[in-house]
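Numbering (this note's numbering), first residue to last: 583 to 1784. By construction, the Cβ of each residue, glycine as well, lies at the ideal position given by its N, Cα and C atoms.
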């Protein structure tokens, strides 16, 4: 298949006809579709076999519901248009067709002489088909995002491989696909499964029939870049032909044209591809260019308008204009036009301006409105060619460079041509032009020492908004003493090069310096070695930039200045005094004196009470001895209140200033070391800056720094320069710094719930540390022998290694738990504890104990949870006021909030949550992440504290919230609708968000959230008995369910899925459907799987018991159902779960037949369900009439289904 515009033109199609089709008008009338494209390429030498094989493959496509758009001997293009079908389903269908084609190919290849290769690519998205030519020689052009994808993977196609383009990969159902990643590419290779490859020799015969195939026109896949290139060349060539025709017409008329040295501007503009009218855009462009021509005393000599864009031929310096700077004026006007069109006119997609200077032919003509001038000749053609050859920029010829009198540093040669391309700053006035020249003139008249000062000041000022100070200059000029520098600064002040940068307090003052506590006489007249001006700047910012560009070209001097700036900043702190720390990552922690004794106490308690079980296998809920007065948690919460009081006192005394210092000191350090070419220092500060951004809760910016750091590592590994300005010598990067890059990347990805990528990052860090996790089978060999060993503090390097291993393992066991790999999780948590004890670091030991508390809760070891909680609360309650101690207390508070919520201790969960949020505020530390914030509205909801629950969740609905934040907000809104009986956001708004979510890759990747949303919508429709809509979202939820992690935020969605399956079974039981037994088994399996994954001790335990009791009730096991109802009510009483308690009591009464009144149908209740503004004024009991209740199934023989 031919893939570009040149092939169309070679087929005999005229340029004008092709332009007609590819223009906006042609695209508006073309056929626009959304779907999947399959591109198939084969190579067959024998014509007879080629046509036969092509027809056979086309038959496969037709059998799969596809439409062949193009079919020649060696290529096929087919389409599957998306109509009332999800894109993911269409992609899965086309992948299966592609696998079938490969299977057909393999079977045919077994025939003698058949050795043809076959390559397949799949893309998804929109595409537009346009037909050209008459019936005899008709061709078809296809453009659009789906075409762009296919063209982008042409080089990746391999024999016998299916390539899934990036957009198709993003929208496909990944659960049912096995793929292989391609290095440095977003596209993937598809591995066909045995289910997809189901073609036998018998099946092959039906594809071997000689079906009459409709002859398809030759099709060309054209990228948008090729389309724009053709249109640009067509429009420019059309304009040149028109000018040439005018010139020929003039030759046959009296009065030869005259010649005059002029600067020609050939302006080409292309408009965006849109369905709207562009007349207003043409008018805006015309006014912009006319205004600039008026300002520089130029003239628009010709203009040509097309559907796609327009062309203007302008001239500056026509006869009578003898200004010396007319060429400079023309250059300035060109950049103003370029800047205005790019930044202010949204309809302009591309602008190219060619500027040529020389003698041109001209002729004045009198029109009814005004006198106009026509220009033509060699320079007009050169300007047009410059615009054609250099798209998207302002380019000029050599004479323009010379006649403009601009510094040579403002021009650079274009690599692809011998012409010159301007890099001049746009928007300069004529005065700001003739100062660049003045800057070089000034430099030539200065002393060498003055030049050195000006050069340093220009580099400093460039990065500080034209500001520099005496102290920084002094540090970047180490070979110049202070008195010499003062004398030079006075000279530069008198010469009008430098000035005071402070704002004058009296506008009528004529002083030289306006700094506070400064004395004018010292600056101008005193010979004492004192300099009082605190902040200086160049008198002309343009002059400063000109000198900066000159210094930048010098290389060595430029790096030397940046090195001096960096060393000066090294003396400045970038952590505020309130935080009691010097760095964000690399500082070795210094513990207060009492911590050494505290360490001994912790180790003694671990040894005596066996906080961590050290040997043998342990059974769930094994009893462990406990000590303490039974009030450990209450004592710890009292300590938390003490820390909060102290923290508020510190906050009152002054807030944290780290954010400002990071921007003023740390980031400039990084920038200066990078420009100095120092690779180790640059890498060091990239990681430190990433750590700072994580501390300041800016994960996106942190990830940018880490990505740059990984790029440096990869470049050095491949023998490439680390970055463009890097020096080749001394490029060693510390081992621990590389570990930090991977570990921090893993932490950020983990927070974003990209757990597979996070796991890879953590394992990369451990690989650098030469640490390998043991297999589960040998994990038991790792005993804790600290009981008999004396305290041995490891050396510094070993300590760093242990701490980093601990940090990585702390995340790896959580990832293993989320993936259901409890064996691997056990190994990881065991190794974390071992290494923490080896490190003899008291805080690492306690952090590991907190991790083990989470792990024990997750695995259902209730006795161990209680023991660890008591130990940790006692330990942290006795910590000193050291910052690390305060962070430890905050960390334990957050952990207890989660543990208490998971185990159903709602009141303490609420209290710990509130305290964790308050600690985060006073310590300027990240509070709860979005998922935890969303989860913590549940304890408030279950205890009927609706106002606080709504307040908690509304923090996620801010205007600038991410799609993930909004997703969890709408998930909570569905909870209020389904269980509380009031409307925070109407169901229609929630449904609209869910339906739009499939176009958001971030939301689609958030499996726990999507399960919650799909299950909630399905449950809504099930309760309304709208089974058709229920089936749509129930199927979506069921597809997502196997992909969810085992985590606190996933559990609510699974519980709703349980209720959906029960209501579906009740419906089929009532209808006596044949599917009822299958549905019952599916519901029972879901219960079993839920218990295996989440255990029995969790926040939703009463609701799960309630649903299980109802299922038994439906199947006729009344006694067992009543027992489960009672168990659920006892658990509700223990948890303080008022919401489920009311619901269960109603079901219990219904089951016993003692119900005195029948609750209103939910379909009726939802119509009058109050909005939150009204519900906030009601008592919880007044909302009971708007809640859903599980009703009896209307069947006569339940036993028949068993």
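Cβ atoms of residue 769 and residue 754 stay farther apart than 8 Å, at about 12 Å. For residue 1714 against residue 1723, the beta-carbon gap comes to about 4 Å, under 8 Å, which counts as contact. Distance check between residue 649 and each of 657, 662, 642 and 638 places 662 closest, using alpha-carbon atoms only. Inclusion of residue 1639 and residue 1619 in the CB contact set at 7 Å is warranted, their separation being smaller than that value. Counting along the chain, no beta strand (DSSP E) covers residue 667, and no H or E run does either.
For residue 1711, same chain residues with a beta-carbon under 6 Å away, outside a window of 5 residues either side, are 1726 in chain order. In terms of Cα proximity to residue 880, the closest of 886, 903, 892 and 889 is 903.
The Cβ atoms of residue 680 and residue 744 sit closer than 7 Å to each other. Your pair residue 759 and residue 676 does not check out as a contact, with CB atoms roughly 12 Å apart and the cut at 8 Å. The alpha-carbon of residue 1683 is positioned some 20 Å away from that of residue 1495. Annotation for residue 850: the continuous beta strand (DSSP E) segment containing it runs 840–853. For residue 1352, no alpha helix (DSSP H) run applies, since DSSP gives it neither H nor E. Residue burial is scored here from C-beta neighbours: residue 1375 has fewer than 16 other C-beta atoms within 10 angstroms and is therefore classed as exposed.
Between residue 1718 and residue 1525, the CB-CB gap stays under 7 Å.
Residue environment: residue 1492 is assigned as buried (16 or more neighbouring CB atoms within 10 Å of its CB, all protein chains considered). Per the coordinates, the alpha-carbon of residue 732 lies some 19 Å from the alpha-carbon of residue 799.
Comparing alpha carbon positions, the residue from 1642, 1591, 1703 and 1637 closest to residue 1611 is 1642. Residue state for residue 819 is assigned as helix, using DSSP reduced to three classes. Relative to residue 1386, the option among 1454, 1545, 1352 and 1402 whose CA is nearest is 1352. Inter-segment contact for the stretch 1584–1597 and the stretch 1542–1556 is present: three or more beta-carbon pairs are separated by less than 8 Å. The alpha-carbon separation between residue 1271 and residue 1244 amounts to approximately 8 Å. Its chain contains 1547, 1550 and 1551 as the residues whose beta carbon lies nearer than 6 Å to that of residue 1538, once the 5 sequence neighbours on both sides are disregarded; these appear in chain order. With respect to the C-alpha of residue 725, the residue from 1391, 603 and 761 having the closest C-alpha is 603.
Between the stretch 1672–1690 and the stretch 1428–1447, the count of Cβ pairs shorter than 8 Å is three or higher; the stretches touch. Rounded to whole angstroms, the Cβ separation of residue 660 and residue 667 is 16 Å, and the two are not in contact under 8 Å.
For residue 1774, same chain residues with a beta-carbon under 7 Å away, outside a window of 5 residues either side, are 1732 in chain order.
Burial state of residue 1535 is buried, judged by a 10 Å Cβ sphere holding 16 or more other Cβ atoms. For residue 899, the closest C-alpha among the options 1224, 889, 982 and 620 is that of 982.
Under the 10 Å beta carbon count, residue 1413 is surrounded by 16 or more other beta carbons and is classified as buried. Per the C-alpha coordinates, the member of 1055, 1135 and 1606 positioned closest to residue 1116 is 1055. Counting only runs of at least 3 residues, the stretch 889–914 fully encloses the following beta strand (DSSP E) elements, listed from N- to C-terminal order: 891–898. Per the Cβ contact rule, the stretch 1298–1306 is not in contact with the stretch 1280–1287 (fewer than 3 Cβ pairs under 8 Å). Contact between residue 929 and residue 863 is confirmed by a C-beta separation of about 4 Å, below the 8 Å threshold. Under the three-state reduction of DSSP output, residue 662 falls in the strand class. Within the DSSP bridge table, the entry for residue 1025 names no partner. Counting the other Cβ atoms within 10 Å of the Cβ of residue 844 gives 16 or more, which makes it buried.
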